[in-house]
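Below is one structure; the comments refer to it alone.
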Amino acid sequence: MEQRAVLIEATCNQVNQEGGYTAMTPADFRRFIEEIAAATDFPAERIILGGDHLGPNPWRKLAAEEAMLRAAAMVTAYVEAGFEKIHLDTSMGCAGEPTALDDELTAARAARLAKSAEEAALRSGRRPPVYIIGTEVPPPGGATRALEEIEITRADAAMKTLAVHRASFAEAGLASAMERVIGIVVQPGVEFGNTDVALYKPERAKSLIRSLDNMPGLVFEAHSTDYQPGEALSALVDGGFAILKVGPGLTFALREALYGLDAIADVLAGKTPRTGLATTMEKIMVEQPASWAGHYGGSPDEERLQRHFSYSDRIRYYWPDPRASAAVDELFSRLPEEIPETLISQYLGRLYSDVVSKRVAPKARELCLAAIDAVLAPYSAATAFR
Numbered sequence: 013m014e015q016r017a018v019l020i021e022a023t024c025n026q027v028n029q030e031g032g033y034t035a036m037t038p039a040d041f042r043r044f045i046e047e048i049a050a051a052t053d054f055p056a057e058r059i060i061l062g063g064d065h066l067g068p069n070p071w072r073k074l075a076a077e078e079a080m081l082r083a084a085a086m087v088t089a090y091v092e093a094g095f096e097k098i099h100l101d102t103s104m105g106c107a108g109e110p111t112a113l114d115d116e117l118t119a120a121r122a123a124r125l126a127k128s129a130e131e132a133a134l135r136s137g138r139r140p141p142v143y144i145i146g147t148e149v150p151p152p153g154g155a156t157r158a159l160e161e162i163e164i165t166r167a168d169a170a171m172k173t174l175a176v177h178r179a180s181f182a183e184a185g186l187a188s189a190m191e192r193v194i195g196i197v198v199q200p201g202v203e204f205g206n207t208d209v210a211l212y213k214p215e216r217a218k219s220l221i222r223s224l225d226n227m228p229g230l231v232f233e234a235h236s237t238d239y240q241p242g243e244a245l246s247a248l249v250d251g252g253f254a255i256l257k258v259g260p261g262l263t264f265a266l267r268e269a270l271y272g273l274d275a276i277a278d279v280l281a282g283k284t285p286r287t288g289l290a291t292t293m294e295k296i297m298v299e300q301p302a303s304w305a306g307h308y309g310g311s312p313d314e315e316r317l318q319r320h321f322s323y324s325d326r327i328r329y330y331w332p333d334p335r336a337s338a339a340v341d342e343l344f345s346r347l348p349e350e351i352p353e354t355l356i357s358q359y360l361g362r363l364y365s366d367v368v369s370k371r372v373a374p375k376a377r378e379l380c381l382a383a384i385d386a387v388l389a390p391y392s393a394a395t396a397f398r
């Protein structure tokens, strides 16, 4: 069996020295991941931790100097905790500044954070990190409205990003750090909204892809690749997008599996499917709207559907709630040890062929994991050496 590494990243808003919205520092997050790895017998040495969008974004309402001081403290905390891949994102304006900064100021601030990272690595005896630069990415978590034509990063814009960072790193005395810049974040034309997905069209990104010929040793990083079909993922890799980010697509698959199992439990009990789990989740989300309000819109019925079935999958933030965990445990207790194949075919059709061919056991936990594996499989295939 192939032994491959896994790259797991936390964003600046999720995890930072002040806790972020997960209430975890970088060191806490590392322990959290390592505990899961130990429980599943996954070798810790095959885990690569990354920090995504590290910059002043969590503090952008503050004055720039204060926001940058906090961003530097965050980058330091990430490196000291052993995060080996750092995406520097200083493109956003702070209090009194334009919403988006020009390339030169963005690069200068990125170099300032890289200096903090280098000093933290030296101080803590950690291996210096590799860096990702560039900021032209889809909205974190997906777009909030229907998608139209996605504007692809221009080749000259990508090359300018690299040039201004080289200049800023050199001015800051960070030539060795610049040598560890391995990739640039660009927009190849992929994105997802609440109800639709913008699929990758390689012909539209030809100029961007060709620009990599002028950036030897670098790769592109693609964000929001969730819900892209396997052939699109392979085409992205063929075009130089060696790093593919995915997140909500995985939890979307988990939610699908749990809701399917909930319907099966009702059928086995002789009831009309009532989606008891969905009822519990709806109650929690309505009582605590902070994680979805502002992301969903429309009529009350449209908002209700989005709370449960949006591609953005904001419901993922509610599964750790003790009431949600208890509802999932109660669901699993209602199911038999082995679930009839015919009901798997009806309510979890994506998994039926694996179950009937004995690749997946017809058990609740195994079916949930298989649903996530089914999403990951095209990524594994696309990024395999070939």
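The number in our numbering is simply the position in the sequence shown, starting from 1, with 12 added.
Don't be surprised by glycine CBs; every beta carbon is placed ideally from N, CA and C.
Source: prediction; values computed, not measured.
Item: Output needed for G252: all residues of its chain with C-beta closer than 8 Å, excluding positions within five of it in sequence on either side, in chain order.; Value: I221, L224, V231 and F232
Item: With distances taken between CB atoms, is the gap from F264 to D333 smaller than 7 Å?; Value: no
Item: When we look at the beta-carbon of M13 and count the other beta-carbons within 10 Å, is it buried (16 or more) or exposed?; Value: Summary for M13: the model assigns pLDDT 43, below 50, so the residue's position carries little reliability; its value from the coordinates is reported in the next sentence. Per the 10 Å Cβ criterion, exposed.
Item: Suppose contacts are defined by Cβ-Cβ distances below 7 Å. Is P70 in contact with M80 by that definition?; Value: no
Item: Going by C-alpha to C-alpha distance, which of V279, M297 and A373 sits closest to H320?; Value: M297
Item: Please list the terminal residues of the continuous alpha helix (DSSP H) segment that includes G62.; Value: Counting along the chain, G62 falls outside any alpha helix (DSSP H), though it belongs to the beta strand (DSSP E) covering I59 to L66.
Item: Is the beta carbon of Y143 sitting closer than 7 Å to the one on L256?; Value: no
Item: Just list the residues that DSSP pairs I20 with in beta bridges.; Value: L61
Item: Count the other CB atoms, across all protein chains shown, that sit within 10 Å of the CB of K97; report buried if there are 16 or more and exposed otherwise.; Value: buried
Item: Tell me which same chain residues have a C-beta within less than 8 Å of the C-beta of V372, skipping the five on either side of it?; Value: L363, D366, E378, L379 and A382
Item: Within 8 Å, do at least three Cβ pairs link the stretch 92 to 111 to the stretch 48 to 68?; Value: yes
Item: Quick check for students: name the residue ranges of the alpha helix (DSSP H) that lie wholly in the stretch 227 to 308, counting only runs of 4 or more.; Value: 242 to 250, 260 to 280 and 288 to 299
Item: Taking the alpha carbon of V162 as the reference point, which residue from S128, D208 and L19 has its own alpha carbon closest?; Value: The question names Val, but residue 162 in the sequence shown is Ile. Checking every option, the nearest Cα to that of I162 belongs to D208.
Item: Determine whether the beta carbon atoms of D115 and K172 lie at a separation below 7 Å.; Value: yes
Item: So, for A254: in the same chain, excluding its five sequence neighbours on each side, which residues have a beta-carbon less than 6 Å away from its beta-carbon?; Value: V231
Item: In chain order, what residues of the same chain lie with their CB nearer than 7 Å to the CB of R42, ignoring the 5 residues before and after it?; Value: L61, A93 and G94
Item: Which residues in the same chain as A3 place their Cβ atom closer than 8 Å to its Cβ, once the five residues preceding and following it in sequence are excluded?; Value: The structure shown does not extend to residue 3, since the chain is modelled only from 13 to 398, so the question has no answer here.
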